[in-house]
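Numbering (my numbering), first residue to last: 1216 to 1329.
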Ligand SMILES: [Zn+2]
């Protein structure tokens, strides 16, 4: 599957970027926690924002890792819910999509129901 080689490279690059970003976020967070107690309140506020960013990066790294695994096992581009091929346009826009657009929209609707 040579078509997936470029995509794999793209995902590996993106993953490396996110790991580097996560390292910086974690370093900032640690600095914040070691700060002088006078600064503590403001620092804690900042670190909550920073932590949210860290979680976002971690989540994205997990998605990329899952996509890379699906490339390895030749399941990439197949909807994990219903097993149809995910539309190439969707994969181009969102390379680590796990679901076809129908399943993703269905899941979205389900989530929005209280
Ligand atoms: Zn589906």
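Virtual Cβ for every residue (Gly too), placed ideally from N, Cα, C.
On a predicted model such as this, the values are computed, not experimentally measured, just so you know.
Practice problem: Would you mind stating whether residue 1226 and residue 1282 have Cβ atoms separated by less than 8 Å? | Solution: yes
Quiz item: Quick one: is the Cβ of residue 1405 within less than 7 Å of any heavy atom of ligand 1?
Solution: Lying before the first or after the last residue shown, residue 1405 is absent from the chain, which here runs from 1216 to 1329.
Self-check item: Contact test: residue 1296 Cβ vs ligand 1 heavy atom, cutoff 7 Å
Solution: yes
Quiz item: For residue 1300, which residues does DSSP report across the bridge?
Solution: 1293
Exercise. Measure the Cβ-Cβ separation of residue 1265 and residue 1243 and say whether it is below 8 Å.
Key: yes
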